[in-house]
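Engineer: The number in the numbering used here is simply the position in the sequence shown, starting from 1, with 844 added.
We treat Cβ as the ideally placed atom computed from N, Cα and C, and that holds for glycine.
These figures come from a predicted structure and were not determined experimentally.
I'd like to ask some things about the structure below.
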Amino acid sequence: MLHLDMDAFFASVEQLTRPTLRGRPVLVGGLGGRGVVAGASYEARVFGARSAMPMHQARRLVGPGAVVLPPRGRLYGMLSKSVFDALRGPMPVLEQLSMDEAFGEPAELAGVDPATVRRYCEGLRALVFEESGLVASIGAGSGKQVAKIASGLAKPNGITVIAPEEQQELLDGLPVRKLWGIGPVAEDKLKRLGIETIGSLARTPESEVASILGTTIGPGLHRLARGIDNRPVAERAESKQVSAETTYATDIVTLAELRGAVESSAGSAFARLQKDGRAARTVVLKLKKADMSIVTRSVTLPYATLDRPTLVAAAQRQVIDPLELGPVRLVGVGFAGLSTVRQGSLFPELDLDVPGYPDSAATRNEGGDAVSPVQPIPAREPDRRWHPGLDVRHPDFGHGWVQGAGHGVVTVRFETRTTGPGVARTFKEDDEQLEHAGVEGSLA
């Protein structure tokens, strides 16, 4: 079993396509006061920064040398697809866990020695680098659990092969948190009982583990602790839901602001739904209040649809006025009940009607087709034309990205994956020759 993990994927993609950032501590994630780190380069991790950490904390740890950039999800998706499409050549069946990691189980490695496995892994890493310019770490073991642990030990930019005869000795000394499925709560329960390593968990009677962690996951974790892992590699099923959510820098306190935020999240989720190619029947609204409690509401339509105004209106119908609910810090919209079968409504104008929401029904022609979407009410955060990390293009200097903007000027670094570190130039913010560009330009 193999587990391949692209090293510091988001930050590595930024360093790949923006050569000036190579060797510098890069943080990718939300830039507002409540932003969270989505990815950190190894140069940033040296200071203690890591994924899922509040961005303000990571910036404080790294110091003034930190380069903070917003995520470019479309670019990450493009590179991820190219890498895993290439890997499906030697490994037709891949269980992709995320944009940057997957399991594989090549039939030709059954029963071979560790040296042969290592050579095979070296070939895979060379393929990843040739396809994308990125590096990956690979772990090999008798099952998924051991392979994943091995890839973690291989980081960064390495290969670790754990032979069957070495497996139990390695597992026994590792912290119990290394087991897939044990989070901070389970770890705390086990530590209170003196169970701190995988070995000590393996020596605990299975019945006792089940009483501590529950009869659903306890026995399975006990088997993993003993090195028993027969889970096969299988292509993952299609997602059951597409969604988008945003945490706002300041709490949303008015109905108009909340409707604008719902419109924005619904629009982002709809873009993902279109890319998925399926229609949705259920619309889910998620609101996280200022006190961190979460309110979730959903509505199921009588048919699956890919009509944007209908889906957005369904989300808007579930909105609760912040005066009644309380201040809101996060807004999310999800589409579920996904289906390739789409059916139109007999009375579309009823699906679009949202009491109290201006222009809730899209303008329609005589045939009943929507000709203009619901117009969003602006959320609290301003829409700036230029912001750090934005891809831009200039007819004389080519593709670049915004390093800074303000006081009427914008500074752009012109470079791509193949140019090497580029030059920085400053323009007036209303320069007509400077325009927004697609992220794919940075791959040139």
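How many whole angstroms separate the CB atoms of T1126 and A1180, which I take to be in contact at a CB cut-off of 8 Å?
Structural biologist: 4 Å
Engineer: How should K992 be labelled, buried or exposed, when 16 other C-beta atoms within 10 angstroms of its C-beta is the threshold for buried?
Structural biologist: buried
Engineer: For K988, does the count of other Cβ atoms within 10 angstroms reach 16, so buried, or fall short, so exposed?
Structural biologist: buried
Engineer: How many Å lie between A980 and P934 at the Cα?
Structural biologist: 16 Å
Engineer: Please work out which residues of its chain come closer than 8 Å, Cβ to Cβ, to R868, disregarding the five sequence neighbours upstream and downstream, and give them in chain order.
Structural biologist: Q859, S885, E887, G909 and V911
Engineer: Alpha carbon to alpha carbon, what distance is there between G1244 and S976?
Structural biologist: 19 Å
Engineer: Let's test the definition: count the other Cβ atoms within 10 Å of the Cβ of D1240 and tell me whether it reaches 16, buried, or not, exposed.
Structural biologist: exposed
Engineer: In the DSSP assignment, find the unbroken alpha helix (DSSP H) run with E843 in it and report its ends.
Structural biologist: With the chain running from 845 to 1288 in the structure shown, residue 843 is simply not present.
Engineer: Can you name the residues that DSSP bridges to M922?
Structural biologist: Answer is none; M922 lacks a bridge partner.
Engineer: May I have the straight-line CA-CA distance separating P1222 from N1001, to the nearest angstrom?
Structural biologist: Low confidence applies here, because P1222 scores a pLDDT of 44, under 50, leaving its location unreliable and the question unanswered by this model.
Engineer: Could you tell me how far apart the beta carbons of M850 and L871 are, in whole angstroms, since I believe they sit closer than 8 Å?
Structural biologist: Contact doesn't hold; Cβ gap of about 17 Å is too wide.
Engineer: By Cβ distance below 6 Å, which residues in the same chain neighbour F853 in space, the five residues on each side in sequence not counted?
Structural biologist: For F853, where only same-chain residues beyond five positions count, the Cβ hits under 6 Å are D944.
Engineer: Might you give, ordered along the chain, the residues of its own chain that have their beta carbon closer than 8 Å to the beta carbon of L1099, omitting 5 neighbours on each side?
Structural biologist: V1163, D1165, P1166, L1167 and G1200
Engineer: Given a cut-off of 8 Å on the beta-carbon distance, is the pair A1159 and D1095 in contact?
Structural biologist: no
Engineer: Measure the alpha-carbon distance for R1103 versus V1143 and round it to whole angstroms.
Structural biologist: 17 Å
Engineer: Between the Cα of M845 and those of R1075, R1173 and R862, spot the shortest distance and give me the residue it belongs to.
Structural biologist: R1075
Engineer: Keeping to the same chain, check which residues put their C-beta closer than 8 Å to that of E1273; ignore five residues upstream and five downstream.
Structural biologist: R1229, W1230, A1249, G1252, V1253 and V1254
Engineer: Taking the alpha carbon of H1280 as the reference point, which residue from E1259, V1236 and V1267 has its own alpha carbon closest?
Structural biologist: V1236
Engineer: Go to H1238, then tell me how far its beta strand (DSSP E) extends in each direction, as first and last residue.
Structural biologist: For H1238, the uninterrupted beta strand (DSSP E) run begins and ends at D1235 to H1238, by DSSP.
Engineer: What alpha helix (DSSP H) runs, 4 residues minimum, are completely inside the stretch 984-1008?
Structural biologist: 988-998
Engineer: State yes or no: is the C-beta of I982 within less than 8 Å of the C-beta of L848?
Structural biologist: yes
Engineer: Alpha carbon to alpha carbon, how far is L953 from E939?
Structural biologist: 17 Å
Engineer: Please determine, among D1032, G1285 and V1020, the residue with the shortest C-alpha to C-alpha distance to T1260.
Structural biologist: The shortest C-alpha separation from T1260 is found at G1285.
Engineer: Can I1003 and V990 be called in contact, C-beta distance under 8 Å?
Structural biologist: Cβ distance not < 8 Å, so I1003 and V990 don't count as in contact.
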